[in-house]
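First to last, the sequence lines map onto chains A and B. Our numbering applies: residue 13 is where the first sequence begins, and numbers increase by one. Our numbering applies: residue 685 is where the second sequence begins, and numbers increase by one.
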Amino acid sequence: MYGLGILKGMGVTLKHFLDTYIEDLRFLGKGKRTDVAFNLRQSGSNQRLGLFTVEYPEEKIAVPERFRFIPFLVINNLDAEEDPGKIWCTSCGICAKVCPPQCIWIVRGTDPETGRPKPEPEEFYIDIDICMNCGLCAEFCPFDAIKMDHDYELASYDRTTHHIFDKARLSKEFRYWRSIAPTISAEEAEARGGWEHKDVLKEKAKAARTADKATGAS
Amino acid sequence: MAENPAAEVTTANPVAEAIAALKAQFPDAVTEDDRKGYTGIVVDPESLVEVATAVRDTLGYNYLSSATAVDYLGKGDYFEMVYHTYRVPAGGPPLVIKARTPRDKATLPSVISVWPGADFQEREAYDLMGIRFEGHPNLKRILLWEGFDGHPLRKDWKEAYYEQDQKPFDSRWPQGHVHRAEERNPYGKNVRYPEGFTLDDFTPVGEAPNYEGIDLGVNVQEMTTPGLKTDRLVVNLGPHHPSTHGVFRMVVTLNGETVEDLQPVMGYLHRNHEKIGERNTFLQNMPFTDRLDYITSMSNNLGYALAVERLLSLGPRYQPPTYRAEVIRVLMVELTRVVSHMWAIGFLLNDLGAFYTPALYAIAERELILDFFEAVAGSRMMCNYMRFGGVFKDLPERIQGIPLLANDRVRNEATLDYLANIINERLPRAIDELDNYLTNNEIIVTRCQGVGILPPEMAIAYSAAGPLLRASGVPYDVRRAEPYSIYPELDFDVAVRYNGDIYDRYLLRIDEMRQSVRILKQLLPRLRETEGQPIISGSKAYSPRVPEGEAYGRVENPKGELGYYVVSDGGQNPWRYHVRAPSYINLTALGPMTKGHKVADIVAILGSIDIILGEVDR
Ligand code: SF4
Ligand code: SF4
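Pasting the structure below:
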């Protein structure tokens, strides 16, 4: 019969329309915006009917650990006992070399007394207009000092004054990294052999070895 | 293809035999390319067309996949045109043909008479590299505008905010005092004018070249129906038009409502991806490939990884990707295929006038797949997931959100359950629903059947690829014709349909999604078996040493054959990086397909090719 195909299509549309309301009924009285309800509404489960709407900004989808947006620099916690706020970056320059659009700018630190390079950046900039959020800098930093952030709400009114992030703007405490990426940061700590900076751990191991030797010799 | 004598010859090394045959037939014109890491033959330009005809007719290499130019400045100082030809539908490796021309008077004969699919590719080489093709009927710029000064892919051409030939730039470290390119090099001062240029005697070229050869103006004549006088009318569809899915323009000559001629005009999104690619290091290109066909970034990544791995395999310490890496790669690529076909079908409906409702149903499942990509690769669309020798990271155990912003809602599911659910339940259900919803819809049937027909011989001649080729009855799929990754061990059929119209392209996409689901189902047990195995071979290096040579890596992208031609000179950066973009080359057939149809059909035919401008314009 001519028109049957069209009617069938209309049927599908009607089903979708109704499903969305039926879905709402499941959360009647229990609230649609709780985490449990959200998980049900957004899951890959085939039990779920209806459409996928998330009512931004009243509710947002929490991003997964690996989500990558503009990088930040890891610094020691500000209440740490040793070197509070010390930046983890050693200004080795690998991230600046690997960055595809070349939006990382680093001025390597120099020791004022000897004039030799020291493992700390004097200045560190990221031009976030140019950053393509590829994550390669974080992937290849040998010191776990640069990480991809999760905060994507960065809109501002003035490009020229706000969009080149300097060292202060980029620095975030290590505890922040642990909070947004609990699994990854734990894996990295395991690979480094502790929760501290790679160099600190190295120093400690060296100190322990000399102490061992000293006790062994006596 | 029974009349093709060469297709029956099955030998261990068909290419070597073809080369031997050509050398015997053209002893003076054909030499083997014996540079280290290179393959194929170098042909004397004088005999190029003759040799190409023999390659097509006697040897059966009837399909020109890619034609592109390389500038060997400082390495012999010539341009080299590289043609990759294949046997379709027989399959097998390519016969690579090269022809050289001096840099100062770059001219080569056009092979358009042998492979009409060379049309846009030669125009591109003319536009970007400045090689003139004698015998090309329409040799105009294609990606840049008429009047552009210079040919940007030449090695000595410098872009407006030029800083240095190759990345990494020295100004970034260790004395990286930040500045914006436009501060140091303000707008207006960054433009190089041609020698002797003055504004006074400058006449802009304007739009005229787009209408060249078109009979413009009032010219009432008896056209089709005797006694009825009609006028030829030129209409511009686009560049801003919802049907073009981006910024794309068609200059259409109409007789009444009937299309007499259609000229695509493109390049509005051109950014010279290939020049950027040559400034980049090998690894830095990976995230840029995401931005070609931005619906299918995972498979763009794979194609590039294959090309560079092929180059790396010329070196001494090459290790192929691990098995788990291959399983994950295929998983990602097949999910991408479903996403892309869903998108294509949804938006075809849009083009037919069913505004947005069906499109949204078609892309609903896509959200789930993108959520998965986001959890695995860190981004929904710009995945940047493949690496040379493997992938970026293994699948996470759980698809889990981490609350950070106000009002963040968390979801938390085991990855494998999530995947199994999508693959076993949701995708088949969604495909069936689409099928149920659309296939017998009378409007779709009337609008699509018998419209935009592309016969098989024409599809091959125009180098059409992917669904466009297979819906015309040519069972050619790179996954089977020149298998890569773990496709040989997977069970699936090459979908093929025979009418070559819009309707068959739609049906073919449905078939192909079903085959993808079939592949995905076979991957689930493999994922479980290989759990915990390494996902990358060797150590991860940010600047791998890539041996000298050339490689052509191609994959069956959802839109068609996506190829990367990469030349390495042994340095950190590719010497040449060319993308054979399926959407771009599929457009070659658009003009012929639309001829004789009504204006409204153009939109549907374009929709059935399924182009993405990010890839067309590059
Ligand atoms: S790679 Fe890491 S340590 Fe090196 S400069 Fe970049 S952020 Fe600093
Ligand atoms: S995320 Fe990519 S583009 Fe952004 S700073 Fe890091 S390497 Fe550069």
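The beta carbon of each residue, even a glycine, is placed where N, CA and C say it ideally should be.
Is any non-hydrogen atom of ligand 2 found closer than 8 Å to the C-beta of residue i, if you look at the structure I gave you?
i, result
"residue 147(A)", "yes"
"residue 104(A)", "no"
"residue 1128(B)", "no"
"residue 82(A)", "yes"
"residue 3(A)", "Since the first residue of chain A shown is 13 and the last is 230, residue 3(A) is not available in this structure."
"residue 144(A)", "yes"
"residue 971(B)", "yes"
"residue 192(A)", "no"
"residue 157(A)", "no"
"residue 960(B)", "no"
"residue 176(A)", "no"
"residue 196(A)", "no"
"residue 1286(B)", "no"
Out of the options, state which residue places its alpha-carbon closest to the alpha-carbon of residue i.
i, options, result
"residue 821(B)", "813(B), 827(B), 807(B) and 830(B)", "807(B)"
"residue 65(A)", "33(A), 41(A) and 86(A)", "33(A)"
"residue 109(A)", "1271(B), 1220(B), 1256(B) and 1193(B)", "1256(B)"
"residue 1307(B)", "734(B), 846(B) and 1247(B)", "No statement about residue 1307(B) is possible, as the shown extent of chain B runs from 685 to 1302 and does not include it."
"residue 723(B)", "1214(B), 1087(B), 998(B) and 924(B)", "998(B)"
"residue 827(B)", "810(B), 853(B) and 818(B)", "810(B)"
"residue 1196(B)", "941(B), 735(B) and 1023(B)", "1023(B)"
"residue 1240(B)", "1153(B), 816(B), 1137(B) and 1281(B)", "1153(B)"
"residue 1224(B)", "1021(B), 967(B), 845(B) and 972(B)", "967(B)"
"residue 994(B)", "859(B), 1086(B), 1191(B) and 1249(B)", "1249(B)"
"residue 1173(B)", "1010(B), 1000(B), 813(B) and 989(B)", "1010(B)"
"residue 19(A)", "1122(B), 1096(B), 1060(B) and 744(B)", "1122(B)"
"residue 68(A)", "812(B), 1092(B), 1162(B) and 1027(B)", "1092(B)"
"residue 1177(B)", "1141(B), 1203(B) and 836(B)", "1203(B)"
"residue 698(B)", "1117(B), 945(B) and 777(B)", "777(B)"
"residue 26(A)", "1159(B), 1042(B) and 780(B)", "1042(B)"
What are the boundary residues of the alpha helix (DSSP H) that includes residue i?
i, result
"residue 961(B)", "957 to 963"
"residue 785(B)", "Element bounds for residue 785(B): not the alpha helix (DSSP H) but the beta strand (DSSP E), 779 to 786."
"residue 20(A)", "16 to 38"
"residue 1289(B)", "1283 to 1293"
"residue 1112(B)", "1111 to 1122"
"residue 737(B)", "732 to 741"
"residue 1017(B)", "1007 to 1035"
Could you tell me whether any non-hydrogen atom of ligand 1 is closer than 8 Å to the CB of residue i?
i, result
"residue 853(B)", "no"
"residue 118(A)", "yes"
"residue 85(A)", "yes"
"residue 100(A)", "yes"
"residue 115(A)", "no"
"residue 1132(B)", "no"
"residue 129(A)", "no"
"residue 108(A)", "yes"
"residue 778(B)", "no"
"residue 152(A)", "yes"
"residue 923(B)", "no"
"residue 133(A)", "yes"
Pull up the DSSP beta-bridge partners for residue i, would you.
i, result
"residue 1248(B)", "1237(B) and 1263(B)"
"residue 117(A)", "137(A)"
"residue 947(B)", "935(B)"
"residue 1098(B)", "1082(B)"
"residue 816(B)", "791(B)"
"residue 997(B)", "Residue 997(B) pairs with nothing; no bridge assigned."
"residue 144(A)", "None, per the DSSP bridge assignment."
"residue 85(A)", "158(A) and 183(A)"
"residue 918(B)", "937(B)"
"residue 942(B)", "939(B) and 1282(B)"
Which residue comes first and which comes last in the beta strand (DSSP E) that contains residue i?
i, result
"residue 768(B)", "762 to 770"
"residue 1060(B)", "Careful: residue 1060(B) lies outside any beta strand (DSSP E), inside the alpha helix (DSSP H) at 1048 to 1061."
"residue 748(B)", "747 to 755"
"residue 1083(B)", "1082 to 1084"
"residue 972(B)", "Note, residue 972(B): premise wrong, no beta strand (DSSP E); alpha helix (DSSP H) at 969 to 974."
"residue 659(B)", "This structure does not reach residue 659(B), given that chain B is present from 685 up to 1302, and the question cannot be answered."
"residue 727(B)", "725 to 727"
"residue 172(A)", "First-last for residue 172(A): 171 to 174, but that is the alpha helix (DSSP H), not the beta strand (DSSP E)."
Closer than 8 Å to a non-hydrogen atom of ligand 4 - does that hold for the CB of residue i?
i, result
"residue 112(A)", "Although ligand 4 was asked about, the structure shown includes only ligand 1 and ligand 2 as ligands."
Using 9 Å as the limit for Cβ to Cβ distance, is residue i near chain D?
i, result
"residue 857(B)", "This model lacks chain D altogether; the protein chains it does include are A and B."
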